[in-house]
Each structure stands twice: as structure tokens, then as C-alpha cells.
Amino acid sequence: MELTDEWKSVFPVAKIFKPPLLLSSSSSRSVLGPVFFNPNPETLTLLFSSPSLCAPLPLPLPQLSLTRFLSTSSSIPLSTSSSIASQFGPQTPLHTVSDFSFNRLRLLHCPIHNSILAFFPTGFNHDQLGFLLVSCKESGLVVLGDDKNKLYTTNHRFNGQICGILINPVEDEDISGNSLSTVGYLLVFTMYSVHWFSVKVSEISEKPVLGYLGFKLFKSCSVVAACWSPHLLQESVVLLQSGALFMFDMDSTFQTRKLNQHFKGKRLRVSWNDDSVGSQSCKWLGCEFSWHPRILIVARSDAVFLVDLRSDRCNVSLLAKIDMLDLCAPVEKERFLAFCKAGSHGFNFVLVSDSSLVFCDVRKPMTPLLQWAHGLDKPTHVESFRLSELRSNSRDDKYDWANESGFGIVLGSFWNCEFSLFCCGPSLPGQGEPSASKISKFCKSLYAWELPSDLLLSGRDCRCGNCLVREEFLKGALPKWINWQQRKDIVLGFGILSRDLSVVLHEADEFGGFTLIRLMSSGKLEAQRYCASWKPVKRFELAHRNSLFDFENNLLCSKGDEDYKFPKRFKYCKLDYLSAYLGGNLTELIDSKMKKSANDPQEKGSFSIDIHETLCEKLKDCGFGRFRTSPAISFVFNDLSMPASIHEVALRRIWTCLPIELLQLAFSSYIEILEVLLDKNKPSLEMLAVPDLPQLPPFFLRKLSCRSNKWSQKVQRSDAIVGPVLPLPILVTLDEIRNGCLYSEVEAEIFSPEAELGLRCNEVMQVASEMAVSDSTFEFHDDHAVSLANEKDEMWFDSQKSKPFIVYHPIALDSSAKDHELQNSVYKDVWFSNMILKVADWEPSLKDKVDGVALDLFDDLSPIPLKYDACSMNISFTELKTYSIIKRQFSRWQEGFSLYQDFCTQFNLKKQ
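When you read off a place in the sequence shown, starting at 1, and then add 13, the result is the number in the numbering used here.
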């Protein structure tokens with residue numbers, strides 16, 4: 014079935030299997046080229062470092078509400094404190110995650126000396142604008158600044174912390190002689206004010222000059238966002254939280270020659286005409302100029318509008334709404350979080366919601382061109398780049414078409430330190446488009462080029478499993494009132510060097526790349542080269558060795574002026590047995606421990622008679638008392654009540670071979686278990702009780718034991734049998750020593766618990782190959798295995814009847830060699846990937862009845878036998894009738910489920 018462009022865009026990339034708008038194959042890669050970008054650790058360069066560049070974060074103190082603060086710091090009653098706090102309205106923390114939602118670093122290309130200007134907030138409260146001149150030399154990047162501290166700052170301090178910095182470059186300005194020429198305009202806004210600057214340079218003097226043009230204060234409403242016009246460079250628009258729009262024209266300032274003045278601006282008469290439920294509580298996100306200098310795109314958390322100012326009467330139309338994502342996300346919980354313009358023509362824009370990234374076009378309202386499921390936690394920043402900017406300075410022009418046609422969208426959160434790259438573009442050249450509407454002729458379909466990939470902005474993160482787990486543990490170890498961002502050097506802003514400057518710095522790469530300049534929370538300004546690659550790199554050796562939070566160098570962590578006065582205590586766990594097991598020396602360690610204990614003159618404890626009898630009765634109920642010699646493996650197979658892997662069956666086989674003396678070590682009573690001395694206290698250990706229902710370990714399901722952290726008169730010690738308290742490898746080694754088989758070092762080196770487990774697994778596999786029906790994936794070849802026919806007991810099945818077991822390989826454990834390259838992968842290990850199932854007996858049921866109701870009501874609905882705990886059932890005639898109706902419905906579903914029917918047919922599980 015051929016889908017239209019509109020229907021294709023409904024299926025999000027990275028959320029469904031094989032979305033129609035995803036190009037990810039060997040044929041497409043040969044045209045698109047590599048779209049993964051890995052940082053080059055060897056190119057990491059420190060450009061500048063200063064404490065004044067650190068982001069101001071609150072001290073690591075508990076955050077108390079106003080009500081709680083009043084009640085704890087004074088004698089005011091709690092009810093009175095709540096009444097006083099309610100007069101101030103809702104209180105929000107001084108610093109929130111939204112403070113880190115904007116890019117704190119902006120780069121302006123200067124056409125002289127191959128240099129750029131880097132702008133960033135600075136000052137005690139980041140209420141001042143700082144900048145540096147970074148020149149590109151053949152030797153690398155050189156930072157030029159003030160003679161005193163190499164950091165230029167403006168003389169104007171704003172009336173609040175900087176919330177955003179916007180740059181509008183002037184590319185066609187001629188620079189000659191000593192005269193200052195304008196290379197760009199700068200807009201800086203705080204919560205309640207907006208400030209404008211002009212940036213000028215000269216050919217002789219390397220020092221840039223910032224001219225303060227004017228400002229605008231908004232007293233009644235806060236500023237949300239602003240934007241520069243790409244058409245008329247002196248124009249800008251400011252968006253307030255109330256939805257009001259103001260336009261400012263710098264050209265009038267130049268004509269009047271009045272600088273440093275208070276701008277009035279022009280309020281745009283925009284009526285949103287939106288009285289929908291919940292629209293009043295929505296949050297405005299941003300605004301951008303579209304393809305015309307009098308057409309704007311304005312985004313809100315629930316909708317996006319097109320504002321047409323070309324006529325006297327402002328026309329507002331709807332471009333996107335959160336409801337259009339209802340097919341891929343729960344709309345009641347979904348909100349737009351970020352917004353940006355894509356491309357230079359002004360037709361495309363990008364929207365970010367809680368779960369989706371949407372690429373849209375103003376010519377196709379309410380219809381996304383492309384959707385992704387981003388998988389990020391509350392992303393607040395999105396930025397679009399041409400793929401030619403990301404893959405610049407390439408030695409081969411093979412992928413020039415993709416470079417000029419494709420986009421790279423960077424999405425993430427500075428606060429969470431997570432960023433992803435989404436690459437997209439048109440379909441491959443030469444591929445015909447299906448029949449489409451007239452709009453589609455000039456608004457072509459957009460395709461995702463490969464799945465989104467991680468973009469490591471910090472360049473020093475290792476994404477291997479060990480480092481990720483270690484970092485999560487470190488985050489969880491911090492107190493609740495301390496954010497882990499205060500302990501880690503995070504990225505506050507970034508910019509990408511232009512292609513012209515990148516050529517001067519680096520030699521041509523095989524596939525191209527980009528040079529990233531970033532601002533770190535530790536006050537460092539760094540540069541690093543990222544190279545395009547066919548495969549993302551997860552592990553970086555340097556970062557892997559140093560993948561810990563930098564407590565000492567991160568200036569966000571306020572350590573105070575004095576040293577830590579309290580004593581530091583460390584607790585150590587002695588894991589000698591675990592270390593010996595991992596190193597293959599468990600036998601030698603246990604043997605040395607036993608020799609040492611034999612020479613110890615201390616009196617040895619023994620089991621009491623009462624505990625011994627209780628333990629024997631308990632083990633007998635669980636199936637251990639039926640034999641004391643090596644049991645037939647048929648008993649282990651008959652104990653299978655649930656599907657079990659070959660590894661699990663082999664473990665049960667080993668457990669049944671252990672003598673009662675070792676089982677007394679493996680299972681014990683809480684009365685015998687001593688409490689552990691920890692910090693002068695004696696807490697009891699947590700153990701699992703042995704179940705009463707006869708079954709072999711490892712027990713599939715069991716209840717927690719009745720225990721307390723501190724036994725007392727109210728909570729007495731339980732006489733329940735718990736365990737195992739010793740791991741099985743230790744018990745197997747003790748059994749080998751008990752049998753007197755380890756008298757020499759040579760024998761000790763040959764024996765190992767893994768080898769014993771391997772022999773038992775081979776035995777189970779051999780028996781399964783003879784006694785069970787298996788699919789084509791089950792293979793066994795071992796000359797040393799023991800056949801079931803070699804056992805002394807009688808055959809426990811009739812060869813003329815169908816086999817009572819099946820060996821099944823679940824589809825979920827299938828894996829191709831392409832996906833798993835390691836030869837020792839668990840997916841290729843038949844011990845874990847093959848399941849043994851006991852076939853249900855279709856003979857007339859002889860089960861007992863409980864309250865007149867047979868317990869075989871569900872047998873014919875399951876291909877495996879069902880076991881029940883002791884229970885009391887009282888089913889009425891009405892309930893039995895209802896059960897029959899539900900049973901018929903479930904049977905019809907089974908008959909229509911093709912996978913289940915194929916499974917039953919393959920192993921002949923149909924009821925005769």
C-alpha cells in the first residue's frame with residue numbers, strides 16, 4: 014500500500030518498527046554519508062579559564078518553603094505561617110532548571126584576522142556582558158582580551174541576570190582603513206529588560222568596540238524571547254509572557270544619532286482569539302521571522318501561530334497544535350517545550366514536545382513533515398544547522414549533495430547534560446515521489462537520515478555501561494538538597510566554528526567534521542574537533558579512566574574557606590571469597606581456610622538436635638528427604654513446574670546431589686544466625702525463607718521472611734528455615750573436599766565449580782535431546798555426556814508415547830551475528846537461550862477437588878501443567894457460567910493467534 018506524504022509523517026521515527034520516513038540502509042548510506050559525530054580527544058584545547066564565567070548556582074542548602082521557614086525559624090504557629098505565605102502567592106525556588114535553558118555562548122564571525130567574537134554572561138550575578146576575541150592561526154586558536162585579565166566586559170550592568178543573547182551578523186560590510194565598521198548587532202535581554210548593542214571592528218586595531226544603542230524596560234510583564242530580522246538587519250521583535258509583541262527598529266536610532274536612550278518600540282496589535290480551555294495557563298516559548306519581513310512565527314506550549322502584519326489588520330492563523338501529536342503521545346500530558354527556525358528561507362521550523370521532535374513547514378499547517386521520538390528528559394534547547402556546517406573540510410566531495418541538502422538538529426538539555434543529533438533531508442536523488450498535492454510540489458517530503466545519535470558536547474563523557482552505572486550511583490549518593498550538576502563540570506553553551514575558519518585550524522578529514530567551542534560550568538572556554546563517522550563511539554579511554562565527578566576543580570561546588578572539621582570514617586567489606594571465585598582460586602582459598610580452622614584450638618559449634626530435626630523436616634517437605642544418594646535426573650525433570658533454562662535445571666541437579674551435612678550449612682534458622690556488629694549496633698541479616706511447597710532450588714517464587722532490623726520482645730526470632738546462606742560454588746567445592754578428591758595441587762587446579770556446572774549442563778542437554786521434542790535451533794554435540802539410558806533406574810517414559818518435554822528457543826533470544834559480534838555472547842549460549850517445558854497431561858484429570866470444584870479448570874488453556882498452592886475455593890453456579898463464557902472467548906483468541914498456533918503445531922501440543 015502506497016502511503017501519502019501526510020500519512021507517512023504520522024509514524025514517528027525511533028518509536029515504531031521501520032517507519033516509512035527513515036532512510037537507514039546500505040544503499041542510502043552510500044549517498045548520504047556518515048551522520049555520527051565523535052569528539053577527537055587529541056584536539057581538546059583550553060582557550061580561557063576564569064571564575065567569572067561560572068554559572069551562579071545556589072549554595073547546597075535545603076530548599077525550605079516559606080511556610081516551613083516561618084514555622085521553624087520562629088514561634089509562629091503552622092496555621093499562621095500558612096496564612097502569611099498565601100499572601101505572597103506561589104513561591105518558586107530562586108534557581109530553577111529554566112535558568113539553564115538558553116545557550117550562554119554566542120559566536121560572531123569577524124571578517125578580519127580570521128577571528129571570532131565569543132559573547133557570554135559574566136559578573137557576580139551574570140548581569141554583565143563579557144566577550145573575548147579568538148583568532149584562528151595556523152598554530153591553533155589564540156585568545157585576545159583585555160590587558161588586565163584577558164576578558165572584555167561592557168560598562169553597563171543590567172538590572173537582572175541575563176536570560177538570553179542574540180546575534181545578527183552583517184556579512185556585506187566593507188572594512189578598510191582605520192574607520193570602524195559594523196560586523197553585527199547584539200541583543201541581550203533579562204527578565205524585565207532588553208538591551209541593544211552594535212559590534213564594530215577595524216582593520217588595524219584588533220580590539221572590538223561595542224556600542225550601546227539603548228534599552229527597553231517592561232515593568233508589568235516579563236520577557237520570554239526575542240529575535241532578530243534576517244531581512245532588515247536593524248529590526249527585532251520581543252515577546253512577553255502575556256503574548257504581547259513589540260517591534261524595535263535600530264535604523265531610527267542611527268538617524269536621530271541618539272544613543273543610550275530608552276526605546277519605546279511599536280506594540281503589534283495582535284489578537285490571538287484563543288479562548289480554549291487551558292490556554293490561559295499556557296507558556297509562550299519564542300518567536301521568529303518567517304519568509305517575509307512582516308510575517309512572524311510565534312510558539313506557545315500548546316500551539317504555534319503565523320502572524321501576518323502586511324495589512325492594517327493583523328491576521329493570525331494556526332500552524333501547529335499539540336493535538337496533532339495525539340497518534341503518538343498522550344496529549345493530556347504533552348506540551349511544547351522548545352522552538353527554533355530551520356534553514357535560512359524562513360519556511361521551516363522545529364517544535365519540541367515532552368516526547369517528540371517535529372519538523373514543520375508554514376506552507377503545510379497542522380501537518381508535520383517529519384516526527385521523531387527523542388527519548389530525552391525535558392529538553393529545553395534546540396538548534397538547527399546545515400549538514401555542510403557539520404561536515405565541513407572534507408577530503409572527498411562524494412557527499413556534497415547530502416551536505417547541501419541535509420539538516421542537523423541538536424536537541425537536549427544543558428541541565429541534564431544530554432544532547433542528541435537528528436539528521437534529516439529530502440529523499441535520495443533519482444527516487445520518484447508518489448502522487449501528491451500541489452503544495453507538495455514545492456514542499457517536498459522530508460526523511461530522517463539514520464536514527465538519532467548521542468552528541469557528547471562535553472567531549473569528556475564515556476558512555477560505556479560501567480561508567481553510566483557508576484555515575485548513577487554517584488548521583489544517588491548525594492543528599493537530596495544537592496543537585497549532582499553542582500558536582501560535575503557541565504556545558505553551559507556552545508557554538509560551531511564556520512567552515513572558513515575550520516579550514517585554517519585543521520587538515521581535511523576523511524568525511525569532514527566541525528570545531529566546537531564550548532563554555533563549561535567550571536569557567537573554562539574550550540575547543541574540540543568532532544569528526545563524522547559511520548559508527549558512534551561509546552567508550553573513550555581517557556574519559557573512561559576519569560569518569561568521576563570532579564569535586565575539586567568544579568567551582569560550582571561551594572567548599573567554604575575552612576577545611577572539613579569532622580572525622581572521616583570508612584567502612585570496608587571483606588570480599589575475599591568473591592575475589593577468589595572471580596580469579597579462579599576458590600578451591601585454594603577454601604582449602605587454606607579449612608586448614609587454618611583445623612589448627613584453631615577454639616571449641617567448634619554444632620547444630621542443636623531441635624534445629625536439626627526441624628531442618629530435616631523442612632528439607633524433606635521441599636523434596637530433599639526422598640533420597641540421599643545421587644538421584645536420578647528424571648526426578649529433577651519431573652520437578653519442572655515452570656519453563657526453565659538448561660542452566661537452571663543443571664543447578665537443581667547439583668542441589669539434589671549435595672549431602673545433608675552441607676545442606677545444613679546452606680540452610681539455617683534465624684536462631685542460629687548471629688547478628689552483625691556494625692557501628693556498635695547489631696542489625697540482623699536479611700534472608701529469604703524456604704517455601705513450604707515441595708520444590709527444588711533455585712526457588713522460583715517465595716515470600717520474604719518475617720524478620721526485623723532489631724529483634725525485641727515484641728518481635729521474636731522466627732524459627733523459619735532461610736537460605737541458602739552460602740553460595741552454591743562454595744558448597745560444591747566443600748563437597749569435593751569432603752569426598753577427599755583434592756589431595757594434590759594438580760587436582761585442585763583441575764577442579765572448579767564452573768567445570769562441575771558445565772558437566773551438569775551437558776548432562777541435562779543430553780537427556781533433553783533424548784526425552785524432549787526440540788526445534789531446529791537446539792543442537793548438542795559432546796562425546797563425554799552421559800545418556801539417560803546409562804542410568805541404573807528404569808526408563809521413566811514410554812518410548813511409544815509422545816515425549817513428555819519440549820525444548821524451545823524463544824524468538825526474543827534470537828540474535829544475528831551482525832548484531833552480536835562477540836563469540837561468547839549469552840545469545841549464542843544454549844545453556845541460557847533454550848527453555849525446557851513439561852507438556853501437560855491430556856489424560857482425564859484425577860486431581861483432588863476443593864469444595865466440590867476440580868482444580869483442572871484451566872488445564873486445557875495452557876500447554877504446560879499447572880500447580881496450585883493449598884487453597885479454598887467456593888465457585889457458585891453463576892460464577893462457573895461466567896467462567897465458561899470467558900473461557901470460550903479466550904479459546905477463540907488462542908485459535909486466532911498465529912504464533913501460538915504455530916507453537917502448538919510444531920510441538921504437537923494440541924489436545925487430542
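The beta-carbon is built from N, C-alpha and C at its ideal position, and this holds for glycine as well.
Every value quoted in this text rests on a predicted model; they were computed, and no experiment measured them.
If you compare alpha carbons, which of the options is closest to residue i?
i: residue 7; options: 36, 25 and 54; result: No answer is possible for residue 7: it lies beyond the span of the chain, which begins at 14 and ends at 925.
i: residue 156; options: 321, 242, 218 and 62; result: 62
i: residue 418; options: 892, 46, 498 and 528; result: 46
i: residue 172; options: 427, 181, 772 and 139; result: 139
i: residue 124; options: 167, 653, 217 and 118; result: 217
i: residue 299; options: 255, 168, 672 and 263; result: 255
i: residue 595; options: 257, 765 and 386; result: 765
i: residue 667; options: 657, 154, 680 and 646; result: 646
i: residue 39; options: 497, 528, 441 and 244; result: 441
i: residue 301; options: 681, 263, 242 and 29; result: 242
i: residue 484; options: 199, 430, 353 and 200; result: 430
i: residue 435; options: 423, 51, 305 and 443; result: 423
i: residue 675; options: 648, 685 and 743; result: 743
i: residue 230; options: 220, 443 and 252; result: 252
i: residue 149; options: 48, 506 and 130; result: 130
i: residue 734; options: 681, 710, 773 and 708; result: 681
i: residue 658; options: 778, 630 and 894; result: 778
i: residue 437; options: 443, 428 and 460; result: 460
i: residue 193; options: 222, 168 and 167; result: 222
i: residue 169; options: 894, 153 and 141; result: 141
Give me, in chain order, the residues of the same chain whose beta-carbon lies closer than 8 Å to that of residue i; leave out the 5 immediate sequence neighbours on both sides.
i: residue 904; result: 874
i: residue 464; result: 26, 27, 35 and 37
i: residue 235; result: 204, 205, 253 and 254
i: residue 910; result: none
i: residue 907; result: 874, 913 and 914
Skipping 5 residues on each side, what residues in its chain have a beta carbon closer than 7 Å to that of residue i?
i: residue 282; result: 327
i: residue 537; result: 59 and 62
i: residue 295; result: 313, 314 and 315
i: residue 197; result: 121, 180, 181, 182, 183 and 212
i: residue 715; result: 701, 702 and 704
i: residue 922; result: 852 and 876
i: residue 1; result: Look at the range of the chain in this structure, 14 to 925, and you will see that residue 1 is not part of it.
i: residue 796; result: Interpretation of residue 796 is limited by its pLDDT of 45, a score under 50 that renders its predicted location unreliable; the figure taken from the coordinates is listed afterwards. Excluding positions up to five away in sequence, the list is empty.
i: residue 834; result: Per-residue confidence for residue 834 stands at a pLDDT of 44, beneath the threshold of 50, marking its modelled position as unreliable; the derived number appears in the next sentence. Excluding residues within five positions, none has a Cβ falling inside 7 Å.
From the DSSP secondary-structure annotation, give me the bridge partner or partners of residue i.
i: residue 141; result: 135 and 170
i: residue 262; result: 248
i: residue 819; result: 786 and 850
i: residue 241; result: 249
i: residue 123; result: 128
i: residue 779; result: According to DSSP, which records beta bridges pairwise, residue 779 is partnered with nothing at all.
i: residue 225; result: 210
i: residue 435; result: 422
Between which residues of its own chain and residue i is the CB-CB distance below 6 Å, once the five residues before and five after are set aside?
i: residue 19; result: 380
i: residue 403; result: 421 and 527
i: residue 208; result: 201 and 228
i: residue 769; result: 745
i: residue 926; result: With the chain running from 14 to 925 in the structure shown, residue 926 is simply not present.
i: residue 119; result: 132, 178 and 180
i: residue 279; result: 260
i: residue 56; result: 541 and 542
i: residue 656; result: 848 and 850
i: residue 919; result: none
Hey, would you say the C-beta of residue i is under 7 Å away from at least one heavy atom of the ligand GDP?
i: residue 370; result: Questions concerning the ligand GDP fall outside what the structure shown contains, since it holds no ligand whatsoever.
Chain D beta carbons: is any one of them nearer than 8 Å to that of residue i?
i: residue 551; result: Among the protein chains of the structure shown there is no chain D, as only one such chain exists.
Inset, instruction - Inspect the CB distances between the region 366-373 and the region 381-393 and report whether three or more fall short of 8 Å. - result: By the C-beta criterion, the region 366-373 is judged to be in contact with the region 381-393, since at least 3 inter-stretch pairs fall below 8 Å.
Inset, instruction - Determine contact between the region 511-519 and the region 469-478, defined as no fewer than three beta-carbon pairs at a distance below 8 Å. - result: Using a Cβ-Cβ distance cut-off of 8 Å, the region 511-519 and the region 469-478 are not in contact, since fewer than three pairs of beta carbons, one from each stretch, lie closer than that value.
Inset, instruction - Please list the segments of the alpha helix (DSSP H) lying wholly inside the region 353-404, counting only runs of 4 or more residues, in order along the chain. - result: You should have 400-403.
Inset, instruction - Pick out the complete alpha helix (DSSP H) segments inside the region 489-563, 4 residues or longer, and give them in chain order. - result: Along the region 489-563, the alpha helix (DSSP H) occurs as fully enclosed runs of 4 or more residues at 512-518 and 554-558, listed in sequence order.
Legend entry - Whole runs of the beta strand (DSSP E) within the region 32-72, excluding any shorter than 3 residues: Counting only runs that start and end inside the region 32-72, the beta strand (DSSP E) elements of at least 3 residues fall at 49-52 and 58-62.
Legend entry - Inter-stretch contact (C-beta, 8 Å, three-pair minimum) for the region 541-555 and the region 518-529: At 8 Å Cβ cutoff, the stretches touch.
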